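Numbering of the sequence shown is given in our numbering, commencing with residue 94 and proceeding in unit increments.
Using N, Cα and C, we set each Cβ at its ideal position, and we do this for glycine too.
Predicted model only: the values in this text are computed from it and were never measured.
Remarks on the structure that follows.
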Amino acid sequence: MRRLAARGAAGDAGEVAAPATDSTDCAQGRSPRPRRLIDLCAIWDPGAFLPAASWESAPGITRRRLNEAETLSSVREAQLERLEAARPRRPGSRERGPVLRMARQQPPPWVHAAVLLCLLCLSGAIEIPMDPSIQNELSQPPTITKQSVKDHIVDPRDNILIECEAKGNPAPSFHWTRNSRYFNIAKDPRVSMRRRSGTLVIDFRSGGRPEEYEGEYQCFARNKYGTALSNRIRLQVSKSPLWPKENLDPVVVQEGAPLTLQCNPPPGLPSPVIFWMSSSMEPITQDKRVSQGHNGDLYFSNVMLQDMQTDYSCNARFHFTHTIQQKNAFTLKVLTNNPYNDSSLRNHPDMYSARGVAERTPSFMYPQGTASSQMVLRGMDLLLECIASGVPTPDIAWYKKGGDLPSDKAKFENFNKALRITNVSEEDSGEYFCLASNKMGSTRHTISVRVKAAPYWLDEPKNLILAPGEDGRLVCRANGNPKPTVQWMINGEPLQSAPPNPNREVAGDTIIFRDTQISSRAVYQCNTSNEHGYLLANAFVSVLDVPPRMLSPRNQLIRVILYNRTRLDCPFFGSPIPTLRWFKNGQGSNLDGGNYHVYENGSLEIKMIRKEDQGIYTCVATNILGKAENQVRLEVKDPTRIFRMPEDQVAKRGTTVQLECRVKHDPSLKLTVSWLKDDEPLYIGNRMKREDDSLTIFGVAERDQGSYTCVASTELDQDLAKAYLTVLADQATPTNHLAALPKGRPDRPRDLELTDLAERSVRLTWIPGDDNNSPITDYVVQFEEDQFQPGVWHDHSKFPGSVNSAVLQLSPYVNYQFRVIAINEVGSSHPSLPSERYRTSGAPPESNPADVKGEGTRKNNMEITWTPMNATSAFGPNLRYIVKWRRRETRESWNNVTVWGSRYVVGQTPVYVPYEIRVQAENDFGKGPEPDTVIGYSGEDLPSAPRRFRVRQPNLETINLEWDHPEHPNGILIGYTLKYLAFNGTKLGKQIVENFSPNQTKFTMQRADPVSRYRFTLSARTQVGSGEAVTEESPAPPNEATPTAAYTNNQADIATQGWFIGLMCAIALLVLILLIVCFIKRSRGGKYPVREKKDVPLGPEDPKEEDGSFDYSDEDNKPLQGSQTSLDGTIKQQESDDSLVDYGEGGEGQFNEDGSFIGQYTVKKDKEETEGNESSEATSPVNAIYSLA
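The following block contains the structure:
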């Protein structure tokens, strides 16, 4: 089975319900300026009014060429390709691909207008559409359309014709000047002017001399809106004068001496062509020693004895008369020291010494001396010539001082004696020198080249069409050497002598128009000249006031194949320039953007047709004078597809073969299925039966072998599929004794042949080798290419052993070479000899590199890598990759770079941030498809420390560790490293290292003993290494804890717990109560320092003297032991109001023998009751609690 390279719609993938034309004018080009002239070349392509085809369905060669056209931004190339794709082909054409079918009828008048307008746009001028209704209404100043060359040389035997054609509305009239004076044609009966033309005809049939009419002629074309001028045409009559009669004496010359035979042809017009022959009309053999110079002379670098064997005659051939004139022949007499002309010496390595000719150093015959100069005009050819004499014959080499010869323009002529540089520019000026050398020495000649220039255009003035009130300008810029002068004229007269115009301003090479009106119409001439020539250009200014008009038929119907690309055109005209907008189904906003693209000429392109694009499209052209609209109805049709294709078959002679071809198509289109055999229409005889979905061949014969192509076509597109039928002759039934023969590997296939060469496929045919008693089961086709991996063979495809011909699908721009290996149950054969090479044409890549990755090799970079594409996916020369990247989830613009390798390093990146990456393949034919976006990361760094590292000790046997991931991973975490050791005071245990996975954040350690503490160091790891570590220690054992000490880490956690807060509050309240109770208890008794209160010093026997304290009794009403009393037996009251007596419950206070007071403390309640309000002390909480106690 063979699927051809192209399927789908050809050309513009659509059809307009309008007649077609065979004209090819629009294929020539298209005006780049979208001014008054709308792009009618895009409107009517020859054969179809159709949009462009889709890339996927266009033929391979069409797609390739269109891609090239897009790369070069060449609309002309695209138009030519559309023309080629749309041209119907005869059945069986070797150009694979769909065919567009259109009716061949006479096109309507608007098509002629469009085609002619397209041709006019090639001149670069802005023209009025040639629609008759517009032409009859709009005025136009004259424009010169055809004229004779500036130097017009005519044959004196013919009538003289001086051309001058012009157009305008109304039609212009013509008159001529000769030598700047009015040429009255009516007074000369030999001179006439062609009807509706300004072309002069001078007739000499009735006599007269053509030389009498030589001179300078100029044509004037005039109507009421202005006058246009032709160039000044210099008329000259060709001359071929006779050679003067002369008697030439024999030229006597010494052997080895230089010689110049001068030609001196008579001056002709144009100059004759010179060549040398013998008097017997035999050409003179020229070589390094003997050659003709550019001036026509014949130069001998050194004369040899054999040169006198012939004579030498100069011949001049004149162009117009086609006559050859011959000068009398020169004869040579060579004086020699060796009169014997031994021909064997001609090939002697030292011929001159063998003949006794003295050797001498080179010297120049032309030009003479050591230096000369030459002037050449820009754009012409520069011819430098150096002819040297010497023995042996010198060699000539050319050089340019201070630089190299321009290799693209320089070539050597006349055995390296002449250097020609074509299309000279200012960069070619300078000093050139020729070096003549032989074994005796060398000499040089320097030629100073000066490049001058006749005027040439930088900006030629163009016709200017304006609306009333608009501004515009005419620009006339030219360059030359010397700098040319610019002269403006209006209607053939100097602008200085024209009436003043306030709306016109002349600024050197520019005329500026402001607020132009209808009366401003005229034809302006720009004449720029220097000593080497002149340029004359006409440009008219026309002021038009025209509302928008549509130039195409109304309500066109365009049918397009699904998923193709199409373009809807809407040619229009108006002044001022109308704006064009498109709408769909009469509603919605202007169509532009997304799947739509509006060109400057107003054409609407739909990039990929979908079902929902079907509908009515309206184009509206608007200017200040009104608007015009037109409608185009677009119908979308399903493509034609062969879903069950014929397959390659091998059949025995006399059997029946059926080739299937089942087609799916749009039901609204008429389907036609036809068959080709060997790419020619198949004749259906009585042994064949053609049905809608198959072709049956009864009684297969050897002549039926070949390729069969099923062609399924509609009015809009077609699909092709091909299969190959192999017919086997009858073979004798093998006998049983063959089974006993030894089996071996098959012999290698032979006689490989490539046929059916196509853009993306080729048919490979081979002759099988001997199977060596084991049937061949498979064939493996291998290929080798000589660009990426020369000499390396790759498997291409595998085919069953019953075939010996197969269609190979190929990739663009690969120089293929194939070989075939046969396989049977024993093994593989040796590879066949390689086939001839076949190079496919190039195309843009259809895929992009695989395995695109972005990984950092350092912390501040990202290395983008990919698998480079091989030879079968490069598709063209100079394969390269466009690498784009930007940070993910940002609005940064794409960075891009072109790479020829398979990696690129992005520098100065932040640490481990994601990037979007795209890698697109590109070759010299264009770019590949839009690439997928891949996420890559910049380089990793060491991570920060783990957060919230916590050490808990729930009991004396285990320690629990917990932590959180680092705040800044700086990469992909690959794990955690924990190092810990036991210590007891200054004693340290052995360090233990534990590694954890990146997801683990807990660890429980079994204590070796309940006494030692542990120090833990934890760090996170990335590919770069371990990051910052955090260190903690386990809590101290209970016997080492102090009441005021608390473990910091646990405090941080416990202090936030509710139960802990409640417990602390309860403990605080209990402590407060205990303090109050203790205070009350102390109030009742205890040690109280009263040494300063004593009146009597303590005795030495007092046991409490050392600490100065006394015991208080807690008992009620206990008498003071050993208390000191007064003489009257009562206790002495202290002077102070705050006496302890006041705090007794009852009775009198007593003092101990050491002077201390012993008694009970009470509140002052009783005292306050007896003494009233003498005390200001209020009831305190202590008293209240005391009362409760």
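Nearest-angstrom Cα separation, counted from residue j out to residue i
i, j, result
"M643", "L637", "17 angstroms"
"C569", "T578", "11 angstroms"
"R597", "R984", "51 angstroms"
"L470", "M374", "37 angstroms"
"Y1107", "S1119", "22 angstroms"
"T270", "P249", "22 angstroms"
"K815", "S921", "30 angstroms"
"S241", "I326", "7 angstroms"
"E563", "N594", "16 angstroms"
"H758", "V743", "30 angstroms"
"L512", "I480", "12 angstroms"
"L288", "C257", "As written in the sequence, residue 288 is Arg, which differs from the Leu given in the question. About 12 angstroms."
"D552", "Y318", "25 angstroms"
"L557", "A615", "10 angstroms"
"P487", "L391", "17 angstroms"
"R1100", "I1052", "7 angstroms"
"N688", "V544", "54 angstroms"
"I246", "F423", "33 angstroms"
"G1082", "L1074", "6 angstroms"
"G363", "P460", "Just to set this straight, residue 363 is Pro in the shown sequence, not Gly. About 25 angstroms."
"L567", "Q610", "16 angstroms"
Contacting residues, own chain, Cβ-Cβ under 6 angstroms from residue i (five flanking each side not counted)
i, result
"L788", "L752 and W768"
"H268", "F313"
"N430", "G449"
"E795", "V820"
"T748", "V793"
"G349", "N395, V450 and V484"
Close Cβ partners of residue i (< 7 angstroms) along its chain, the five nearest in sequence each way excluded
i, result
"R996", "E956, I957 and T958"
"E878", "V907, N908, Y909 and A964"
"L588", "W581, M582 and V599"
"N262", "Q228, L231, S232 and Q233"
"L498", "W491"
"R607", "D564 and N596"
Proximity below 8 angstroms, CB of residue i to CB of residue j
i, j, result
"A915", "G862", "yes"
"L328", "Y306", "yes"
"V725", "Q649", "yes"
"L477", "I377", "no"
"Y1288", "I699", "In the structure displayed, the chain extends from 94 to 1282; residue 1288 sits before or after that span and is not available."
"F1042", "V1123", "yes"
"K1091", "L1049", "One point to set straight first is that residue 1091 is Pro, not Lys, in the sequence displayed. Cβ atoms of P1091 and L1049: not closer than 8 angstroms."
"N954", "V1012", "no"
"I651", "L762", "no"
Nearest candidate by alpha-carbon position, reference residue i, set the options
i, options, result
"K239", "G291, R283, R274 and P282", "G291"
"I237", "N631, M781 and R981", "N631"
"A547", "I604, N620 and K504", "N620"
"L901", "L813, T848, N723 and V1012", "T848"
"F368", "L354, V344 and K381", "L354"
"T416", "P460, P365, S465 and Y445", "P365"
"S500", "N507, K510 and I514", "I514"
"P561", "A503, K504, A943 and S635", "S635"
Contacts around residue i, its chain only, beta-carbon distance under 8 angstroms, and the 5 residues preceding and following it disregarded
i, result
"N1016", "Y906, G935, P937, P938, A967, F968, G969, P970, N971, L972 and R973"
"T950", "E956, V998 and G1032"
"P641", "F665, F666, G667, P671, A714, T715, N716, L718, G719, K720 and A721"
Nearest-angstrom Cβ-Cβ length linking residue i and residue j, presumed shorter than 8 angstroms
i, j, result
"V542", "Q467", "5 angstroms"
"R981", "E1009", "5 angstroms"
"S394", "G483", "6 angstroms"
"G308", "N277", "That belief does not hold up - the Cβ atoms of G308 and N277 are roughly 14 angstroms apart, past 8 angstroms."
Cutoff 8 angstroms: residue i Cβ touching any chain C Cβ
i, result
"Y617", "Of the chains in the structure shown, none is chain C; there is only one protein chain."
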